[in-house]
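Participant:
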Ligand SMILES: NC(=O)c1ccc[n+]([C@@H]2O[C@H](COP(=O)([O-])OP(=O)(O)OC[C@H]3O[C@@H](n4cnc5c(N)ncnc54)[C@H](O)[C@@H]3O)[C@@H](O)[C@H]2O)c1
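In the working numbering, the protein residues as written are 13 to 469.
1) Distance check for residue 92 and residue 280, CA to CA, integer angstroms please.
2) If you follow the beta strand (DSSP E) that residue 459 is part of, which residue opens it and which one closes it?
3) Any contact of the segment 369-378 with the segment 290-308, i.e. 3+ C-beta pairs under 8 Å?
4) What residues in its chain sit with their C-beta under 7 Å from that of residue 296, if we drop five residues either side in the sequence?
5) Near residue 409, which residues of its chain fall below 7 Å by C-beta distance, leaving aside the five closest residues on each side in sequence?
6) Counting only the same chain and skipping the five closest in sequence on each side, list residues whose C-beta sits under 8 Å from that of residue 13.
7) Taking residue 365 as the reference, which of 348, 381, 353 has the closest Cα?
8) Taking residue 427 and residue 403 to be in contact with their CB atoms under 8 Å, please state how far apart those CB atoms are, rounded to whole angstroms.
9) Is the closest heavy atom of ligand 1 to the C-beta of residue 25 under 7 Å?
10) Taking residue 173 as the reference, which of 181, 158, 78 has the closest Cα?
11) Can you find the residues in the same chain that come closer than 8 Å, C-beta to C-beta, to residue 491, ignoring five residues on each side of it along the sequence?
12) Could you check the C-alpha separation between residue 273 and residue 266 for me, to the nearest Å?
13) Which same chain residues, not among the five before or five after residue 450, have their C-beta less than 6 Å away from its C-beta?
14) Could I get the ranges of all uninterrupted alpha helix (DSSP H) runs contained in the segment 139-196, with 4 residues as the minimum, in chain order?
15) What's the gap between the Cα of residue 388 and the Cα of residue 378?
16) Apply the 10 Å Cβ neighbour rule to residue 270 and answer buried if 16 or more other Cβ atoms are within range, or exposed otherwise.
17) If distances are taken between C-alpha atoms only, which option among 276, 49, 321 comes closest to residue 25?
18) Could you say which of 397, 198, 148, 345 lies nearest to residue 424 if we only look at CA atoms?
19) Please state the DSSP three-state secondary structure of residue 105.
20) Under three-state DSSP, which class holds residue 111?
21) Hey, residue 177 and residue 350 are a contact pair by Cβ (cut 8 Å); roughly how many whole angstroms apart?
22) What is the C-beta distance between residue 191 and residue 168, in whole angstroms, given that I count them as a contact (C-beta under 8 Å)?
23) Pick helix, strand or coil for residue 353, following the three-state DSSP scheme.
24) What are the partner residues of residue 43, as DSSP defines its beta bridges?
25) Whole angstroms are fine: how far does the CA of residue 197 sit from the CA of residue 356?
26) Is DSSP giving residue 407 helix, strand or coil here?
27) Taking the C-alpha atoms as reference points, what is the distance between residue 51 and residue 447?
28) Does ligand 1 have even one heavy atom less than 7 Å from the beta-carbon of residue 87?
29) Report whether the distance from the Cβ of residue 176 to the nearest heavy atom of ligand 1 is below 7 Å.
30) Which one or two residues does DSSP pair with residue 469 in a beta bridge?
31) Check whether the Cβ atoms of residue 138 and residue 23 sit closer than 8 Å, and answer yes or no.
32) Sort 256, 407, 421, 383 by Cα distance to residue 465 and report the nearest one.
33) Flag residue 102 as yes when its Cβ comes closer than 7 Å to any non-hydrogen atom of ligand 1, and as no otherwise.
34) Cα-Cα, which of 431, 436, 413 is closest to residue 445?
35) If residue 236 sits next to residue 292, beta carbons under 8 Å apart, how far is it from one beta carbon to the other, in whole angstroms?
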């Protein structure tokens, strides 16, 4: 019989909710509680309409909720009654003061540390789940040990590598689970206690351990490498468009080299999501603060290339549509930053919609899951139409821009859509997911990414 563990997670977001649901499901003898300062979020976790959309999440939560998975707003009680505390609060980019626009904003993180200190009455293992600058654990340890209450706190780093839209699969079958700790007796003991949780379902060889600073840094570097691949292929897409090469053919040829690999080599309108941009900027800031200017410049280019790609896409639209978009109805298919999520944080669609509005186009937005967030993201812009049905959204428009790789867009009746649009009708495929030849034969002028356009003039 495995020992019962009382586990708390502070932060009921895209990471905290699904991660704890998986732990509760795989460790029935553990009691898992998730708390948040946002009572609405907690109420949603306790309802039939979860606060985030993630395939498979509803089933997972309904299986465990009320059995050994609980969502609560009582943070103090949660801290008092649990031995292991995962911290999964948001760590956005700072918008003020020193490091503004670059460094991680650690105010939520620090507030959590102080809450843990204030309400703890027994020893705790505090697990960093949030993505943090390297050496944050040191700050956590200093705060937790700042009073003489004789309570032992061990800080462990266990960064999360899940990808939204695929989170349940990633949590169930992770490439690796990384656990970093101090390499003294207590640190190693705490590391093992966390490893024991994952050992319920993750094969031993996929649970890797390291020093705590390596663990913190590995998460930032992982995201930087992923984003770098996207920016690399996007840079090549620009060259393809100038040289009549086809980026899909190039990426296939390059990706078949097993040293390079085929994943994350799809050119597109740019990466989004809450993590890539903020984590790279965080890495850049870290490098600059260590005097490593060249290293910082190198990684900063990944973000600059992404900004360039988004603007390039907009300029392709503008150029193709006779250098004026004023008064034209333009339909965006997809607003989420990727398929299978409703998350729009840092979605390229936000940038494109805003730039189109600046050009005085009338923007129609369609998305199966993200319209609620889109309305919030663009609340300051008048006259945007939000229409879930992709057919109705395109009605009367002069152009469609595909911004999210939702599968549904591949299977639509393009003839029907074409017939109901203004002519000449354009498609700008920012994800290269449509059948371009077919769309062209129907009558569309088609502008993919990194391939020659197919036009009727
Ligand atoms: N979203 C991802 O795909 C992903 C993947 C891996 C790692 N991460 C990292 O995980 C962390 C969390 O990301 P997320 O996407 O879940 O963020 P999120 O914004 O969805 O969730 C964070 C939650 O923490 C809550 N919170 C903030 N301060 C709090 C406090 N003092 N007490 C209690 N609750 C508090 C917020 O109300 C919010 O609900 C970030 O550091 C992120 O970089 C995210």
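Think of the CB as a built atom: it goes at the ideal place given N, C-alpha and C, for glycine as much as any other residue.
Predicted model, so just to flag it, every value in this text is computed and none were measured.
Facilitator: The short version:
1) For the purposes of this step, residue 280 is identified with residue 268 of the chain shown, where counting begins at 1. For the purposes of this step, residue 92 is identified with residue 80 of the chain shown, where counting begins at 1. C-alpha separation (whole angstroms): 48 Å.
2) Walking along the chain shown from the start, residue 459 turns up at place 447. Here the beta strand (DSSP E) through residue 459 covers 457-460.
3) no
4) Here residue 296 refers to the residue found at position 284 when the chain shown is read from its first residue. Hits under 7 Å: 114, 308, 311, 312.
5) Taking the chain shown and counting its residues from 1, one reaches residue 409 at position 397. Within the same chain, residue 409 has close Cβ partners 341, 342, 343, 376, 433, 434.
6) As a working note, residue 13 is residue 1 in the chain shown. A caution first: residue 13 carries a pLDDT of 47, below 50, which makes its placement in the model unreliable, though a value can still be read off. Answer for residue 13: 41, listed in chain order.
7) Locating residue 365 in the chain shown gives position 353, where the first residue counts as 1. It is 348 whose Cα lies nearest to the Cα of residue 365.
8) Taking the first residue of the chain shown as 1, we reach residue 427 at position 415. Taking the first residue of the chain shown as 1, we reach residue 403 at position 391. Contact flag wrong, Cβ pair sits at about 12 Å.
9) Taking the first residue of the chain shown as 1, we reach residue 25 at position 13. Checking every heavy atom of ligand 1 against the Cβ of residue 25, one is found closer than 7 Å.
10) Sequence index remark: in the chain shown, residue 173 carries index 161 (1-based). Of 181, 158, 78, the residue nearest in Cα terms is 181.
11) Look at the range of the chain in this structure, 13 to 469, and you will see that residue 491 is not part of it.
12) Locating residue 273 in the chain shown gives position 261, where the first residue counts as 1. Locating residue 266 in the chain shown gives position 254, where the first residue counts as 1. Their backbone Cα atoms lie some 8 Å apart in a straight line.
13) Sequence index remark: in the chain shown, residue 450 carries index 438 (1-based). The answer is none, since no qualifying residue turns up.
14) Listed in chain order, they are 148-156, 179-184.
15) Locating residue 388 in the chain shown gives position 376, counting from the first residue. Locating residue 378 in the chain shown gives position 366, counting from the first residue. When only Cα atoms are considered, residue 388 and residue 378 end up about 14 Å apart.
16) Locating residue 270 in the chain shown gives position 258, counting from the first residue. That one is exposed.
17) Locating residue 25 in the chain shown gives position 13, counting from the first residue. The shortest C-alpha separation from residue 25 is found at 49.
18) Indexing the chain shown from 1 puts residue 424 at position 412. Among 397, 198, 148, 345, the Cα nearest to that of residue 424 belongs to 345.
19) Here residue 105 refers to the residue found at position 93 when the chain shown is read from its first residue. Looking at residue 105 - three-state DSSP - the assignment turns out to be strand.
20) Numbered from 1 along the chain shown, position 99 holds the residue referred to as residue 111. Of the three classes helix, strand and coil, the one that applies to residue 111 here is coil, per DSSP.
21) Start at 1 with the first residue of the chain shown, and residue 177 comes out as number 165. Start at 1 with the first residue of the chain shown, and residue 350 comes out as number 338. Confirmed, about 6 Å.
22) Position 179 of the chain shown holds residue 191. Position 156 of the chain shown holds residue 168. Correct: roughly 6 Å between the Cβ atoms.
23) Taking the chain shown and counting its residues from 1, the one referred to as residue 353 is at position 341. Residue 353: coil per DSSP, three-state reduction.
24) Here residue 43 refers to the residue found at position 31 of the chain shown. Residue 43 pairs with 18.
25) Here residue 356 refers to the residue found at position 344 of the chain shown. Here residue 197 refers to the residue found at position 185 of the chain shown. Cα-Cα distance, rounded: 43 Å.
26) For this step, residue 407 is matched to residue 395 along the chain shown. Of the three classes helix, strand and coil, the one that applies to residue 407 here is coil, per DSSP.
27) Working through the chain shown from its first residue, we reach residue 51 at position 39. Working through the chain shown from its first residue, we reach residue 447 at position 435. Between residue 51 and residue 447, the C-alpha separation is close to 45 Å.
28) Working through the chain shown from its first residue, we reach residue 87 at position 75. Yes - ligand 1 has a heavy atom lying nearer than 7 Å to the Cβ of residue 87.
29) Along the chain shown, one-based indexing puts residue 176 at 164. Checking every heavy atom of ligand 1 against the Cβ of residue 176, one is found closer than 7 Å.
30) Translated into the one-based positions of the chain shown, residue 469 becomes position 457. According to DSSP, residue 469 bridges with nothing at all.
31) The sequence position of residue 138 within the chain shown is 126, counting from 1. The sequence position of residue 23 within the chain shown is 11, counting from 1. The answer is no: Cβ separation not under 8 Å.
32) Counted from its first residue, the chain shown places residue 465 at position 453. Comparing Cα-Cα distances from residue 465 to each of 256, 407, 421, 383, the minimum goes to 256.
33) If you number the chain shown from 1, residue 102 lands on position 90. Yes, Cβ of residue 102 sits closer than 7 Å to a heavy atom of ligand 1.
34) Here residue 445 corresponds to residue number 433 of the chain shown, with the count starting at 1. Of 431, 436, 413, the residue nearest in Cα terms is 413.
35) Counting from one through the chain shown, the residue named residue 236 turns up at place 224. Counting from one through the chain shown, the residue named residue 292 turns up at place 280. That pair is a contact at about 5 Å.
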